[in-house]
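Structure record follows, encoded as structure tokens.
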Amino acid sequence: MVTHVRTVALVGIEARPVDVQVQLSSGLPAFTLVGLPDKAVAESRERVRAALTGIGLALPPKRITVNLAPADLPKEGSHYDLPIALGLMAACGAIPADMLSDYCVLGELALDGSITPVGGVLPAAIAASTEGLGLICPETCGSEAAWAGDDLRVLAPRDLIALSNHFKGTQVLGVPRPAIEMRAETLPDLRDIRGQESAKRALEIAATGGHNLLLVGPPGAGKSMLAQRLPSILPPLSSRELLDLAMIRSIAGDLAGGALSDRRPFRAPHHSASMAALVGGGMRAKPGEISLAHRGVLFLDELPEFQPQVLDSLRQPMETGEAVIARANHRVSYPARFQLIAAMNPCRCGYAGEPGHTCRGGARCADAYQARLSGPLLDRIDLHLPIPAVTAADLIAPASGETSATVRERVIAARAVQKERYAAMGAEADPDMLNAFCPAGLIEEMAALDKQARHLIGDAANAMQLSARAFHRVLRVARTIADLDGAASVGRIHLAEALGYRERHRDQALAA
Amino acid sequence: MSRLSGKQAAERKGRIAETIAAVLLMLKGYRIIARRVQTPAGEIDLIAKRCQTVVFVEVKARDEVHAALDAFTPRQQARIARAAEGWTARNTACAAYDKRIDMIAITPWRWPVHIANAVGVKHP
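Protein sequences, first through last, are from chains A and B.
Those letters in the first sequence? Residues 5 to 516, per my numbering, in order.
Those letters in the second sequence? Residues -10 to 113, per my numbering, in order.
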């Protein structure tokens, strides 16, 4: 007789159904596990045997064959322990087999029979709820699974005994509730920054339209301080975005306690980050920093210090909003619609362009340092912002700037305008689309340039040698500025400001 | 007994131990269906049957229980498993039965120790 238990295999953020088949047959005792298991899955044999011994059951002295179907899909991860153990328990009559048919099961087993947390519970829960199945998952992942919907039956037992008691009806398990992450600590406020009014304005534009921003300035000017205050002016995640992001974090095993937060992610990897760490990948494909920054901010401090190849690997995800990882035995794609905020010094010694400073290396100092960044990457950054050193007068003056809360209100209002506009475009557009991710064809229509503005962009495109991409990016920034202004169409003034943020061509910068 | 050579003494000790083990199994409700079965892979001391289970038994006689248990080495376990496969192949009447490999440790002046499923689960 064969017992079937449903579980899932995680491919990217997709949960594919996997059928665990357990057969007991007569013959010399043996325990065979087939169906392309990797090392962690093959080792589950030992964990299952120990866990069953731990709760007082012995493996039956029979030939045990476990098949993970479909047999051609590589299985990785430790979450197959629980379905295999439950299949075995059902096959030897310790729990009723018909109870299991209504559930999708995942979890890792400890040697004493307790169930330890695994990643990917949320995608599995969503897959289970679409098929009308319940979910059996580790206790600590219960609140994470509960996010998949109210109609999903979730069982989150602490150990195998609790589960078998539940099936017997002697000790029924409670239903886990979705948890919201409580973050007591407050974000740093924009008000702490003295001076730098133009930088704050650019930050507001970046926050509104989701544009990429590069801050260039001498050490101590407040670049990192500015970037760290960006999350405080970003609007909260919508429930759709929240779930979207939670799926990625669930796969990365990053959802501690299963609690979700509506705060946008802010990822700031160190500049020693490798390509696999940033984009995702590795031997077992995992989402990288850019996917964990999905719908949020990726902050790269000291941009030229990153390896050039690593930075250039960001080019394609920045355009498409997803990271496709192709390996010999994997092809997975993770969503990565992130906003890049980068900070850098203008040169190696840090003070090029400051009044009264001459680099020891001469003009080559700045050139060589900036040449580490590729042109195509810089072309994808909409807002280039020089941050001058703060003057003493600014520092002495009392803090008088706006608080993050006021700026945030403006950002939320301008985002509502965008949402309304793109929602009017029809269902095919992403409902959470921002100006920065608007397709090129659409933005020309959306920008609705007036006559003067049309004239200006024509002249500017020639004079600044704008690429086709740069042209559309200028339009997107101008659209955001107009949204902040509450204007229906993009005027000359909005366009002029947007052009001002454009990177100046290197030759022009030198000539000036 | 002292006049017998070392090999003969061991043989005799083994036979006595097997008899004690067979008596123990019969007391537990097993039926002994073969003794000292020679197969190309090796010898099986006892083959017993109860309900739908055929049990292949390795008997070890030592002065200490631990010494007896330690004497059933993985190599011997593999040998008896192969021998059991061979015996099963020729005795098709038992093909549908569950099979198990047990060991019985015989020590002087102590009750014999019977360990069911002593080889445990074989990994292919």
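Glycine residues also receive a C-beta, built at the ideal position from the N, C-alpha and C atoms.
Just so it is clear, the structure is predicted and the values come from calculations on it, not from any experiment.
Item: Let's see if you can read the secondary structure: which residues bound the alpha helix (DSSP H) around L90/A?; Value: D85 to A95
Item: Pick helix, strand or coil for D316/A, following the three-state DSSP scheme.; Value: helix
Item: Which parts of the region 330 to 410 of chain A are runs of the alpha helix (DSSP H), unbroken and 4 residues or longer, counting only runs that do not cross its ends?; Value: 367 to 374, 379 to 383 and 396 to 400
Item: Using the rule of at least 16 other Cβ atoms within 10 Å of the residue's Cβ for burial, across every protein chain shown, is W89/B buried or exposed?; Value: Correcting the residue type first, residue 89/B is Arg in the shown sequence and not Trp. So R89/B ends up on the buried side.
Item: Between V26/B and D91/B, is the Cβ-Cβ spacing less than 8 Å?; Value: no
Item: Using DSSP bridges, identify the partner residues of R39/B.; Value: T42/B
Item: Thinking C-alpha only, which one of S82/A, P41/A, F270/A and I17/A is nearest P239/A?; Value: F270/A
Item: By how many angstroms is the C-alpha of A57/B removed from the C-alpha of H112/B?; Value: Because the pLDDT at H112/B is just 48, under 50, the model does not fix this residue reliably, and the point stays unresolved.
Item: Please give the ranges of any beta strand (DSSP E) in the region 6 to 30 of chain A, keeping only runs that are unbroken, at least 3 residues long and fully inside the region.; Value: 6 to 15 and 18 to 29
Item: Start and end of the beta strand (DSSP E) containing V220/A?; Value: L217 to V220
Item: Whether or not the region 74 to 90 of chain A and the region 204 to 215 of chain A are in contact is what I'm after, with contact meaning three or more pairs of Cβ atoms, one per stretch, closer than 8 Å; do they touch?; Value: no
Item: Cβ of K88/B less than 8 Å from any chain A Cβ?; Value: yes
Item: Is C442/A helix, strand or coil when you go by DSSP?; Value: coil
Item: Express the C-alpha separation of P339/A and R20/A in angstroms, rounding to a whole number.; Value: 18 Å
Item: How would you call W76/B, buried or exposed, if buried means at least 16 neighbouring beta carbons within 10 angstroms?; Value: buried
Item: Taking the straight line between their C-alpha atoms, what separation do you get for R319/A and L381/A?; Value: 6 Å
Item: Would a check of beta-carbon distances place P33/A closer than 8 Å to chain B?; Value: yes
Item: Given a threshold of 16 other Cβ atoms within 10 Å of its Cβ, counted over all protein chains shown, does W100/B qualify as buried or as exposed?; Value: exposed
Item: Give a yes or no on whether the minimum CB-CB distance between P142/A and chain B is below 8 Å.; Value: no
Item: What number of angstroms, rounded off, separates the C-alpha of A150/A from the C-alpha of L399/A?; Value: 49 Å
Item: Any C-beta of chain B sitting closer than 8 Å to the C-beta of P41/A?; Value: no
Item: So with Cβ pairs under 8 Å, would you call S30/A a contact of chain B?; Value: yes
Item: Between the region 56 to 78 of chain A and chain B, which residues of the former have a C-beta closer than 9 Å to a C-beta of the latter?; Value: A62, L63, P64, P65, K66, R67 and I68
Item: Does E306/A come out as helix, strand or coil in the three-state DSSP assignment?; Value: coil
Item: Quick test of your reading: R198/A and A403/A, contact by CB under 8 Å. State the CB separation rounded to the nearest angstrom.; Value: 7 Å
Item: Considering just the uninterrupted stretch of the beta strand (DSSP E) at R25/B, what are its terminal residues?; Value: R20 to T28
Item: What does DSSP give as the partner residue(s) for Y86/B in the beta ladder?; Value: Y86/B pairs with nothing; no bridge assigned.
Item: Does any residue of chain A bring its CB to less than 8 Å from the CB of E47/B?; Value: no
Item: Which of helix, strand or coil does DSSP assign to I104/B?; Value: strand
Item: Within its chain, find whatever has a CB closer than 8 Å to the CB of C363/A; leave out the 5 residues flanking it on each side and keep chain order.; Value: C351, R352, C353, Y355, A356, C369 and A370
Item: Report yes or no: is there a C-beta of chain A within less than 8 Å of the C-beta of E74/B?; Value: yes
Item: For N466/A, is the classification buried or exposed, using 16 other Cβ atoms within 10 angstroms of its Cβ as the cut-off for buried?; Value: exposed
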